[in-house]
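According to the working numbering, the stretch in the sequence shown is residues 11 to 372, in order. Below is one structure, written out as structure tokens; the observations come after it.
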Amino acid sequence: MTNAHNETRRDSAVAGPRLIAFEMTAACNLKCVHCRACSLEQRAADELSTDECMKFFDDIAALPQKPVLIMTGGEPLIRPDFFELLEYANRLQINKAVATNATMLDEKTANKLAKNGVTMVSVSLDEADPKGHDDFRKVDGAFKMSMSGIENIKAAGLKFQINTTITRKNYSNVAQIYDMALKLGAGAVHIFLLVPTGRAENMKGEEITPGEYEKVLNWFYDKKREAGDKINLKATCAPHYYRIMRQRAKADGIAVTEQNFGHDVRTRGCLAGCGFAFVSSRGLVQGCGYMPISAGNIRQEPFSKIYAESDFFKKLRDFSNIKGKCGSCEYLAVCGGCRARALAESGDCFGEEPYCNYTPKK
Numbered sequence: 011m012t013n014a015h016n017e018t019r020r021d022s023a024v025a026g027p028r029l030i031a032f033e034m035t036a037a038c039n040l041k042c043v044h045c046r047a048c049s050l051e052q053r054a055a056d057e058l059s060t061d062e063c064m065k066f067f068d069d070i071a072a073l074p075q076k077p078v079l080i081m082t083g084g085e086p087l088i089r090p091d092f093f094e095l096l097e098y099a100n101r102l103q104i105n106k107a108v109a110t111n112a113t114m115l116d117e118k119t120a121n122k123l124a125k126n127g128v129t130m131v132s133v134s135l136d137e138a139d140p141k142g143h144d145d146f147r148k149v150d151g152a153f154k155m156s157m158s159g160i161e162n163i164k165a166a167g168l169k170f171q172i173n174t175t176i177t178r179k180n181y182s183n184v185a186q187i188y189d190m191a192l193k194l195g196a197g198a199v200h201i202f203l204l205v206p207t208g209r210a211e212n213m214k215g216e217e218i219t220p221g222e223y224e225k226v227l228n229w230f231y232d233k234k235r236e237a238g239d240k241i242n243l244k245a246t247c248a249p250h251y252y253r254i255m256r257q258r259a260k261a262d263g264i265a266v267t268e269q270n271f272g273h274d275v276r277t278r279g280c281l282a283g284c285g286f287a288f289v290s291s292r293g294l295v296q297g298c299g300y301m302p303i304s305a306g307n308i309r310q311e312p313f314s315k316i317y318a319e320s321d322f323f324k325k326l327r328d329f330s331n332i333k334g335k336c337g338s339c340e341y342l343a344v345c346g347g348c349r350a351r352a353l354a355e356s357g358d359c360f361g362e363e364p365y366c367n368y369t370p371k372k
């Protein structure tokens, strides 16, 4: 890895991440089979207090590179002080997005999100039909409630995106889910490739194969080229998409530019500790929500210091630590392999991505 790449990552650490996912609570009103948090209906007694959350917001508001704060869960709307915290973040002029299952989003709630400067609401839908989605979420009527929530989001004038976790259960239905998102008027579609952590440990065997990964990510590339700037398409927990994007563009004689590929060209595959961080409801700072390795706790140290100075995050930003074929791959800088999936498979977050069938040229 060149000195230029190392300097870029050091500069990123000083400036802070582009995205921070904040698990406001691990509690949820649904019982999704793939939940990384193993959410229960009741909130834990040791979740961050209102004051602790506000102190965290003060810290990230002072970061020179103003990050997007993704207010997530569990289901974040379960917190009784959710709007108190949202209003505080709004006063600090923090860029805010809300990740929700939308089942609790009535008209009044959606309007309050809009009033407090939420720029995007992400809603998880894992099938295009009610039964399939409800089976995934383990609550009858979840699909209908989420659809009602989406209509309230639209009526409030908020932008929204659809998130879909791809597993063996819905792999053959991805095109229908995408078409549904278009019909609903979504501004973005983000696909997530299953990481078998949390409750999803029980879904081992439900991951799609490496060959199916290639197929769905090539399909996604085609859809992104077809959609242009009409809708934002992003693959998450699927770092090999950034290899595929470049392979396909080269074969098509297309330069990989922001004009051609939107925001995707400005990011990379695995963002853990490299522009992205996750803060748990108990204050633990992790590279991502699917990788349960703590770099520190905001109850003991400010988030900004943990992100910039923790040994673990420094290791994540040093790609020379990555092993196996990922470490020798010519696409290491733009892909990097999923560190969470490597951890789940081998116990080593620096091991090679287990669901990539590409053979490096080196």
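A virtual CB, placed ideally from N, CA and C, is assigned to each residue, including glycine.
How about arginine 327 and cysteine 284: do their beta carbons lie closer than 7 Å?
Between arginine 327 and cysteine 284, the gap from beta carbon to beta carbon is short of 7 Å.
For proline 86 versus phenylalanine 93, is the C-beta distance shorter than 7 Å?
Result no, Cβ atoms of proline 86 and phenylalanine 93 do not sit closer than 7 Å.
Is the beta carbon of glycine 83 less than 7 Å from the beta carbon of methionine 34?
Yes. Within cutoff.
When burial is assigned at 16 or more other CB atoms within 10 Å of the CB, is threonine 174 buried or exposed?
Burial call: buried.
Taking C-alpha atoms, which residue in Arg253, Val199, Asp61 lies nearest to leucine 135?
When the alpha-carbon of leucine 135 is set against those of Arg253, Val199, Asp61, the nearest one is in Val199.
Per the contact definition of three or more C-beta pairs closer than 8 Å, is the stretch 121-138 in contact with the stretch 186-202?
These segments touch.
Give the DSSP bridge partners of glutamate 33, in chain order.
DSSP output for glutamate 33 lists Thr82 as bridge partner(s).
Report yes or no: do three or more beta-carbon pairs, one from the stretch 284-296 and one from the stretch 50-59, lie closer than 8 Å?
Yes, the stretch 284-296 is in contact with the stretch 50-59.
Can you tell me whether glycine 337 is helix, strand or coil according to DSSP?
In the structure shown, glycine 337 sits in a helix (DSSP, three-state: H, G or I).
Please classify asparagine 126: does DSSP put it in a helix, a strand, or coil?
DSSP places asparagine 126 in coil when its eight states are reduced to three.
Spatial neighbours of isoleucine 308 within its chain, please: C-beta separation below 6 Å, excluding the five flanking residues on both sides.
For isoleucine 308, where only same-chain residues beyond five positions count, the Cβ hits under 6 Å are Phe66, Gly293.
For the stretch 214-224 against the stretch 262-273, do three or more pairs of beta-carbon atoms, one drawn from each stretch, fall closer than 8 Å, so that the two count as touching?
Result no; under three Cβ-Cβ pairs closer than 8 Å.
Outcome for alanine 287 when other beta-carbon atoms lying within 10 angstroms are tallied against a minimum of 16
Result: buried.
Just verifying my parser: in three-state terms, what is the DSSP assignment at phenylalanine 170?
The three-state secondary structure of phenylalanine 170, taken from DSSP, is strand.
For phenylalanine 323 and alanine 305, I'd like the C-alpha separation in whole angstroms.
Going from the Cα of phenylalanine 323 to the Cα of alanine 305 covers about 7 Å.
For cysteine 247 and arginine 349, believed in contact at Cβ under 8 Å, the rounded distance:
Actually they are not in contact, since the Cβ atoms of arginine 349 and cysteine 247 sit about 10 Å apart, beyond 8 Å.
Sub-7 Å separation of valine 149 and valine 131 beta-carbons:
With respect to valine 131, valine 149 sits apart: the two C-beta atoms are not nearer than 7 Å.
How is glutamine 52 classed by DSSP in three states: helix, strand or coil?
In the structure shown, glutamine 52 sits in coil (DSSP, three-state: anything other than H, G, I, E or B).
Using CA atoms only, rank isn't needed, just tell me which of Lys164, Ser314, Phe146 is closest to arginine 178.
Checked all of Lys164, Ser314, Phe146; the closest Cα to arginine 178 is Phe146.
Which of helix, strand or coil does DSSP assign to histidine 250?
It is coil, neither helix nor strand.
Mind checking which residues open and close the beta strand (DSSP E) that includes serine 304?
Here the beta strand (DSSP E) through serine 304 covers 304-307.
Going by the CB atoms, is the gap between glycine 195 and lysine 169 shorter than 7 Å?
Not in contact: lysine 169 and glycine 195 (Cβ atoms no closer than 7 Å).
Provide the residue span of the alpha helix (DSSP H) that contains phenylalanine 286, from first to last.
That residue, phenylalanine 286, is in no alpha helix (DSSP H); its beta strand (DSSP E) goes 286-289.
Can you tell me where the alpha helix (DSSP H) with isoleucine 316 in it begins and where it stops?
Unbroken alpha helix (DSSP H) run through isoleucine 316: 313-319.
Can you give me the C-alpha to C-alpha distance between isoleucine 80 and lysine 372, rounded to a whole angstrom?
Straight-line Cα distance between these residues: approximately 38 Å.
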